[in-house]
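S.K.: Got a structure for you, written out below as structure tokens; questions coming shortly.
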Amino acid sequence: MRRFFYNPAQDTTEYVLITGAEAHHLKTVLRMHVGAKAELYDGAGSLICGEIEQISANSVSFRILSRRQEQESCSPLTLVQALLNKGKKMDTVVQKATELGVHSFVPVITRYCEPQGKDSQLLQRWQRIMLEACKQCGRPVPMQISLPQPLHELTFPAVSRKIMPWENETTCPFAALGLTAGQPVTLLIGPEGGFHIDEVEHAQASGFTTVSLGPRILRAETASIVAAALVQNALHNLDPLP
């Protein structure tokens, strides 16, 4: 079933109105017709099964067939990702983080990376990729994405378990972390060139535990996906819904 996001202001007890780019895509690209059904998300956990009642020039009206509310995990994962400079690697990380259920995505600027374009344009691009990934994987609550900011300016919640995969860590494997469901986790991933030692020491002073992801050095984008998947699995955020 196709999935679309809608503005909660366009939601009544019986109908939902889809407008803008979503309506254009529905009508012009997908060529959906009256009577077709779709899942509709409001971005806050409300999931509606609707049937197209009317198609007009600028909007599509859905009759609400059913409605349910879904909750985000009680063990939220924040992924703090250093900007990746080559190709579309950052796009891939945003997409896969969305699919894995990462709660918040925080891009950071470190010594061995540099911004690629205007922050506002990057944010719009990542949000577009994230929303498409939400529709593809059936995630009703979008991942929160921040504007890029310098790593040394970040502050981290004291209650969060802080983890930093580092290629020079040799004594702490991931399994030794002992993560349990119910605790928020902050995961810090470096750029292609890795972290400068000053950044590692700054992170450790901020409460991060350095951890090994295995005997092989992973690409930065691979490390993000692997580490996020390991954390989500340990927190039971990948368990099937009841």
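In full-length UniProt numbering, the protein residues as written are 1 to 242. Glycine included, every Cβ here is placed at the ideal spot set by N, Cα and C.
Suppose only complete runs of 3+ residues qualify. What are the beta strand (DSSP E) ranges in the stretch 184-216, listed by chain order?
M.R.: Whole beta strand (DSSP E) segments, 3+ residues: 185-189 and 209-211.
S.K.: Run through DSSP, which three-state label would residue 146 get?
M.R.: Of the three classes helix, strand and coil, the one that applies to residue 146 here is coil, per DSSP.
S.K.: Can you list, in chain order, the residues of its chain with a C-beta nearer than 6 Å to that of residue 66? Leave out the 5 residues immediately preceding and following it.
M.R.: Result list for residue 66: 49, in chain order.
S.K.: So who's on the other strand from residue 37, going by DSSP bridges?
M.R.: For residue 37, which the question treats as bridged, DSSP gives the partners 51.
S.K.: I'd like the list of long-range same chain contacts for residue 133, defined as Cβ closer than 6 Å, with 5 residues on each side in sequence excluded.
M.R.: So the qualifying residues of the chain are 95, 98 and 99.
S.K.: Provide the residue(s) that pair with residue 112 in DSSP beta bridges, ordered along the chain.
M.R.: None; residue 112 has no bridge partner.
S.K.: Touching or not, the stretch 25-36 and the stretch 164-179, by the rule of three or more beta carbon pairs under 8 Å?
M.R.: Because the criterion of three Cβ pairs below 8 Å is not met, the stretch 25-36 and the stretch 164-179 do not touch.
S.K.: Compare the C-alpha of residue 138 against each of 153, 14 and 240 and name the closest.
M.R.: For the residues 153, 14 and 240, the minimum Cα distance to residue 138 belongs to 240.
S.K.: Would the beta-carbon of residue 61 fall within 8 Å of that of residue 17?
M.R.: Result yes, Cβ atoms of residue 61 and residue 17 sit closer than 8 Å.
S.K.: Determine whether the beta carbon atoms of residue 144 and residue 104 lie at a separation below 8 Å.
M.R.: Yes, the pair counts as a contact, with Cβ atoms nearer than the cut-off.
S.K.: Assign residue 164 to one of three DSSP states: helix, strand, or coil.
M.R.: Residue 164: strand per DSSP, three-state reduction.
S.K.: Helix, strand or coil: how does DSSP classify residue 31 here?
M.R.: In this structure, residue 31 counts as coil in the three-state DSSP scheme.
S.K.: Would the beta-carbon of residue 211 fall within 8 Å of that of residue 163?
M.R.: Yes, the Cβ-Cβ distance between residue 211 and residue 163 is below 8 Å.
S.K.: Less than 6 Å between C-beta atoms, sequence neighbours within five positions excluded: which residues of the same chain meet that for residue 140?
M.R.: For residue 140, where only same-chain residues beyond five positions count, the Cβ hits under 6 Å are 41, 45, 47 and 70.
S.K.: Is it buried or exposed for residue 86, if we count other Cβ within 10 angstroms and need 16 for buried?
M.R.: So residue 86 counts as exposed.
S.K.: Specify whether the stretch 115-132 and the stretch 147-165 touch according to this definition: at least 3 beta carbon pairs, one from each stretch, less than 8 Å apart.
M.R.: A contact exists between the stretch 115-132 and the stretch 147-165.
S.K.: Under a three-way DSSP split, which group does residue 124 fall into?
M.R.: Here residue 124 sits in helix by DSSP.
S.K.: Once you ignore the five residues that flank residue 217 on each side, which residues in its own chain have a CB closer than 6 Å to its CB?
M.R.: 167, listed in sequence order.
S.K.: Could you give the distance in angstroms between the alpha-carbon of residue 159 and the alpha-carbon of residue 1?
M.R.: Those two C-alpha atoms are separated by around 39 Å.
S.K.: Under three-state DSSP, which class holds residue 17?
M.R.: DSSP places residue 17 in strand when its eight states are reduced to three.
S.K.: Is it a yes or a no for the stretch 53-60 touching the stretch 72-92, going by three-plus beta-carbon pairs under 8 Å?
M.R.: No, the stretch 53-60 does not touch the stretch 72-92.
S.K.: Could you please give the first and the last residue of the uninterrupted beta strand (DSSP E) stretch that includes residue 77?
M.R.: Per DSSP, residue 77 belongs to the beta strand (DSSP E) from 77-82.
S.K.: Three Cβ pairs or more, each shorter than 8 Å: is that satisfied between the stretch 6-26 and the stretch 108-121?
M.R.: Output reads no: the stretch 108-121 does not touch the stretch 6-26.
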